[in-house]
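Chains as they are written, first to last, in numbering that gives the first Met the number 0: chain D, 0 to 163; chain C, 0 to 770.
Every residue, glycine too, gets a C-beta built ideally from N, C-alpha and C.
As the structure is a prediction and not an experimental result, all values here were calculated from the model.
Written out below as structure tokens is the structure these notes cover.
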Amino acid sequence: MKQLMELRINGEAHQVAFEPYKTLLEVLREDLDLTGTKHGCELGECGACSVLIDGDAVMSCIYLAIEAGDKEITTVEGLADRGDPTALQRAFARTGGAQCGYCTPGMLMSGTALLQRNQQPTRDDIKEALAGNLCRCTGYTKIFEAVELAAEELRDTDEQRRAG
Amino acid sequence: MGEFSVIGKRNLKYDWFAKLTGAARYTDDLKLPRMIYGRLLRSPYPHARILHIDASRAQALPGVFAVVTGNELPVQYGILPSSQDETALAIDKVRYMGEAVAGVAAIDEWTAEDACNLIEVIYEPLQPIMTIDDALDSDAEKIHAWNDKGNIHKDVELVFGNVEEGFAQADYVREDEFWFEGNTHVPMENHAVLANYEPTGRLTVWSSTQTPHYLHRELSKALELPPSRIRVIVPPVGGGFGGKSEAFSHEVVAPVLSRKSGRPVLIGLSREEVFYCHRGRHPVKMWVKTGVKRDGSITAMHFKSILDGGAYGSYGVATTYYTGALNTLPYNVPRYRFEGKRVFTNKPPCGPKRGHGTVQPRFAIECQLDKIAEALELDPADMRMRNAVQPNSWTVNHLRVTSCGLKEAIETAVERSGWREKRRALPAGKGIGLAGSVYLSGAGLPIYWNPLPHSGAQIKVDRSGGITVYCGTSDIGQDSDSMLAYVVAEELGVDVADVRLVTGDTDLAPVDLGSYSSRVTFMAGNAAKRAAEKLKKQLFEAAADAMSVPVDKLAAAGGIIYFVEDTSKQVRFAQAAQYAEKMYGTLGATGSYTPPKLAGKYKGAGVGPSPAYTFTCCIAEVEVDLETGILEVKKLTVGHDLGRAINPVVCEGQIEGGMYMGYGEAVVEEQIFRKGLHKQPSLLEYKIPTSLDMPELEAHIVETIDPEGPFGAKEVGQGPLAPVIPAIANAVYHAIGIRFDSTPITADKIMRALEAKRKGATLLPRIASAE
């Protein structure tokens, strides 16, 4: 039997009915048409399905949607506020951090979670934060560079804000 | 202002916004009204006769709309005209575990899966043939009844000059055996297809394919539908690496399920199924004999390969030839003999993976050259420099070399890595190794013989100044879309953002043969450039007429067409488009590219020729833990001659991606089987490098400005992979004095070899083509 629930996704409340055994990945993609969240294994191996749950990067393919009732969910669609890309998205664009683009949403979510808690990440911090997100195209280098570039921009913006 | 305003600049990619915001819709993201879901039932046996199939219980399950079995799709097809040996669903016999046997379409995937489990198949298991040795056993059960050579699929031999004479002239001759383990592509996106068959007889197929044109042809054959009624559309593809280059069962079955159910049918494969689709790197056993003079110059080479092909032909005949074709590059080999053999085994079919058939022999040759350099007390880099082919030369097997930056690539890698100092000074356990390589900028001949262009492009310019480029290319993440936009924007002197693309659609765009053999920049780039040149001529004529200036004194840049002697005389691009439309009517032009006829006059000469070759050098720095055998690759430095970088960001990304993939093949990746079963059909078991595993990567672009490439560009997608693997093997030898002549070089192999070495063993380690 389907169960009606309210999920808070990207700052919006969604009333959605789904079978209780469905994963958050399935509900996002199949019931809410939020197909920006990808799937490469559905076994928690590749990280393509990563979303933020209360700010932490979580693999939505091994997370039941019914567990997310009182949580704040952010997907890749929720990053660019009114079409304005985040510092990390812009940095990915500049360094060429996305090739085929399939791991990209998951990378962006893990990278965003890192930058929210650490605006001065070392290369090792970045490698650690992205260790659960497999990429087959880039060799990761341009992704590391994107996170570093975004961190730099976020620090500059912060400094300007404090100065202003 | 530099020579170009777009080419060579670090521009944003054409699709950056869609791919970074979740807006890009891949095949499995698509949804059509009334769409249902398909699943395939797959064989649990590697080799078995099908005695009986009964799908009636599946058909009767509520929610099931259609079921299809093999006898409904009897037409055999295959990517190569000489290997038409597959059917979409197995008939009478299954030849590998995971082969598709039946298809179901249902209201959702769960129901489809349940229905698959209700299909009753009675198998009579047969002895599986799992190794090259099994396959060469003439008493073994034939995998294909038609094969009059037992389980040998293909047997080829090519001789160029007298190798025995060459060996006689040599000061040093050595023979070595090598084993390259099979491995697979692992694109992050699993294959998917959406098929919509309309009762009017028109079929639309959206598929994650690298080769829409070949899929179009194969679907027409397998479905017995006229190609004019089939439209293949390629949404963004989440990586291919060669693994999405021909028709797969799900692509043939989905249209049938759609026809039978009257609904659009989506089939998205699971990760496990993608391992069964495979078509990846062939396991290859190799023997190579090379003769050299005291100074290291090669006098002759004799190369033998045996490929473990898996259950079907796929691209395998081409792969077999590719294990021999490029061995006369990037070093002069004045006499050359090649013997290649491919066998059938009861495993998922092997096919093309990045570097198609050239990666395995490159491993063997570069490791052997390292041994030769050591024996002759030559620096491995110097020895390769001495043997490097010259620009504008021909090889003994009739390959034409135009631009060639091998020496520059070696010099770049040597300088940037600090090769000379490190080679001398590293302590035990640390090593540095080097290897070179070569690759095609597109196969000179198509998969099926035809005299038509390999790539076509069409450009429309409207009176707003908007430009639309139509080209049948498939962007699999290598940024072929960006390439088209940059080339056309440069030629017409407009902003990249004013160029729109329609690609990967067989109804709307002219044929491009597909994203394989690193052909797209060279071929589609030239086609698009030629179409843009024609339009530019019309625009210039109309602008010259309007400004009353001579047409040959015009230039275009920054959205302006201007008189070069007095830049105050200028028109905006959109204005020029209106003048031209008034003069010529609706504006449009086509361009196409056909490679020059380069093939030699011998059987098998069709594999190897390319309008241009790229040249690469990789230097690897490693550290081996002498206690645990753990190999750490610290740094990889690559110099790659790519002609000209259309966009350095994209080119560096391709080089780094190739280095990554080569690294994975060198140290961990292997597609192996046990008792007929795939040992690791998941990402937990089949390891690919993570962010934590990666060595430092240094990618250096070497430019040689090819005379025939678009703006001088050659390829970058595949070439940089090949030298990484032997460079790592050679570095491991430098570190611990043990040769690893088989891949992957894993910690347990190193551990066993170190132990054996301590016990005084001399021949290490043994080459074994294990199951």
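Closest to residue i by C-alpha separation, out of the options, would be which residue?
| i | options | result |
| --- | --- | --- |
| ALA573/C | MET660/C, GLY464/C and PRO549/C | GLY464/C |
| THR199/C | ALA167/C, ARG258/C, ALA169/C and ASP154/C | ARG258/C |
| MET658/C | GLN577/C, ARG518/C, VAL632/C and GLU98/C | VAL632/C |
| THR73/D | LEU153/D, LEU63/D and ILE8/D | ILE8/D |
| VAL67/C | VAL93/C, VAL103/C, GLU695/C and ALA530/C | VAL103/C |
| ILE446/C | PRO263/C, LEU500/C, GLY513/C and TYR469/C | GLY513/C |
| TYR330/C | GLY404/C, GLY149/C and GLU338/C | GLY404/C |
| ALA89/C | VAL255/C, GLU410/C, ARG41/C and ASP133/C | ARG41/C |
| ALA47/D | LEU24/D, ASP32/D and LEU63/D | LEU24/D |
| GLY558/C | THR566/C, ARG571/C and THR86/C | ARG571/C |
| ILE724/C | ASN326/C, GLN359/C and ASN150/C | GLN359/C |
| HIS430/C | ALA730/C, ALA755/C and ALA111/C | In the sequence on display, residue 430/C carries Gly and not His. Closest by alpha carbon: ALA730/C. |
| THR208/C | ALA760/C, GLY759/C, GLY471/C and LEU753/C | GLY471/C |
| TRP448/C | GLU2/C, SER81/C, ARG757/C and THR613/C | SER81/C |
| TYR213/C | HIS46/C, ASP511/C, THR636/C and ASP544/C | ASP511/C |
| ARG93/D | LEU78/D, ALA145/D and GLN118/D | ALA145/D |
| HIS152/C | ASP497/C, GLN83/C and ASP91/C | GLN83/C |
| ALA665/C | ALA579/C, ASN646/C, ILE687/C and ALA644/C | ILE687/C |
Would residue i and residue j be called neighbours here (beta carbons separated by less than 9 Å)?
| i | j | result |
| --- | --- | --- |
| MET34/C | LEU265/C | yes |
| TYR139/D | LEU148/D | no |
| ILE142/D | GLY110/D | yes |
| LEU11/C | GLY603/C | no |
| ALA619/C | ALA523/C | no |
| ALA44/C | MET129/C | Rather than Ala, the amino acid found at residue 44/C in this sequence is Tyr. It is not a contact, given that the beta carbons lie outside the stated cut-off. |
| ALA793/C | ALA734/C | Absent from the model: residue 793/C. The displayed extent of chain C is 0 to 770, so no value can be given. |
| VAL563/C | ALA575/C | no |
| GLY440/C | GLY241/C | It is worth fixing the name first, because residue 440/C is Ser in this sequence and not Gly. No, they are not a contact pair. |
| GLY39/D | GLU188/C | yes |
| PRO104/D | SER49/D | yes |
| LYS459/C | VAL486/C | no |
| THR26/C | VAL192/C | yes |
| ALA526/C | TYR578/C | no |
So, under 8 Å CB-CB, residue i and residue j are touching, yes? Tell me the CB distance rounded to an integer number of Å.
| i | j | result |
| --- | --- | --- |
| ASP113/C | LEU60/C | 6 Å |
| LEU117/C | ALA57/C | 4 Å |
| ALA139/C | ASP133/C | 6 Å |
| GLU44/D | LEU682/C | 4 Å |
| ALA101/C | ALA54/C | 6 Å |
| TYR469/C | PRO509/C | 6 Å |
| ARG94/C | ASN345/C | 6 Å |
Name the DSSP beta bridge partners of residue i, please?
| i | result |
| --- | --- |
| ASP511/C | SER454/C |
| PHE179/C | VAL283/C |
| ILE52/D | ASP55/D and ILE72/D |
| LEU306/C | VAL283/C and ARG341/C |
| GLU174/C | LYS288/C |
| GLN14/D | GLU5/D |
| PRO124/C | ALA47/C |
| HIS699/C | GLY638/C |
| PHE159/C | TYR335/C |
| LEU202/C | TYR196/C and ILE229/C |
Check whether the Cβ of residue i lies closer than 9 Å to any Cβ atom in chain E.
| i | result |
| --- | --- |
| GLN209/C | No chain E is present in this structure, whose protein chains are D and C. |
Inspect the CB distances between the region 61 to 73 of chain C and the region 0 to 12 of chain C and report whether three or more fall short of 8 Å.
The region 61 to 73 of chain C is not in contact with the region 0 to 12 of chain C.
Report yes or no: do the region 292 to 299 of chain C and the region 312 to 319 of chain C share at least 3 C-beta pairs separated by less than 8 Å?
At 8 Å Cβ cutoff, the stretches do not touch.
Could you tell me whether the region 674 to 685 of chain C touches the region 647 to 664 of chain C, where touching means 3 or more Cβ pairs closer than 8 Å?
They do not touch, by the three-pair rule.
Three-pair Cβ contact test at 8 Å for the region 530 to 538 of chain C versus the region 576 to 588 of chain C
Result yes; three or more Cβ-Cβ pairs closer than 8 Å.
Across the region 199 to 211 of chain C and the region 15 to 22 of chain C, are there enough close Cβ pairs to call them in contact, namely three or more that are closer than 8 Å?
Three or more Cβ pairs closer than 8 Å define a contact, and the region 199 to 211 of chain C falls short of that threshold against the region 15 to 22 of chain C.
Spell out a yes or no on whether the region 211 to 229 of chain C and the region 318 to 326 of chain C are touching, meaning 3 or more CB-CB pairs, one atom from each, closer than 8 Å.
Contact between the region 211 to 229 of chain C and the region 318 to 326 of chain C is absent, with fewer than three C-beta pairs closer than 8 Å.
Three or more C-beta pairs below 8 Å linking the region 228 to 248 of chain C and the region 151 to 168 of chain C
Note that the region 228 to 248 of chain C does not touch the region 151 to 168 of chain C; fewer than 3 beta-carbon pairs, one per stretch, sit closer than 8 Å.
Is it a yes or a no for the region 467 to 486 of chain C touching the region 422 to 438 of chain C, going by three-plus beta-carbon pairs under 8 Å?
These segments do not touch.
Is the number of C-beta pairs between the region 664 to 672 of chain C and the region 608 to 617 of chain C that are closer than 8 Å three or more?
As far as the Cβ criterion goes, the region 664 to 672 of chain C does not touch the region 608 to 617 of chain C, which means the pair count is below three.
Answer yes if the region 32 to 42 of chain D comes into contact with the region 55 to 74 of chain D, meaning at least three C-beta pairs across the two stretches below 8 Å, and no otherwise.
Yes, since at least three Cβ pairs between the region 55 to 74 of chain D and the region 32 to 42 of chain D fall closer than 8 Å, the two stretches touch.
Any contact between the region 166 to 186 of chain C and the region 726 to 743 of chain C? By contact I mean 3 or more CB pairs, one from each, below 8 Å.
The region 166 to 186 of chain C is in contact with the region 726 to 743 of chain C.
The region 378 to 397 of chain C contacting the region 330 to 343 of chain C, beta-carbon criterion three pairs below 8 Å
By the criterion of at least three beta-carbon pairs nearer than 8 Å, the region 378 to 397 of chain C is in contact with the region 330 to 343 of chain C.
Count Cβ pairs between the region 348 to 355 of chain C and the region 273 to 291 of chain C that sit closer than 8 Å; are there 3 or more?
By the C-beta criterion, the region 348 to 355 of chain C is judged to be in contact with the region 273 to 291 of chain C, since at least 3 inter-stretch pairs fall below 8 Å.
Please determine if the region 286 to 293 of chain C and the region 363 to 370 of chain C are in contact, where contact requires at least 3 C-beta pairs separated by less than 8 Å.
These segments touch.
Does the region 226 to 237 of chain C come close enough to the region 163 to 173 of chain C to have 3 or more Cβ pairs within less than 8 Å?
The answer is no - the region 163 to 173 of chain C does not touch the region 226 to 237 of chain C, with fewer than three Cβ pairs under 8 Å.
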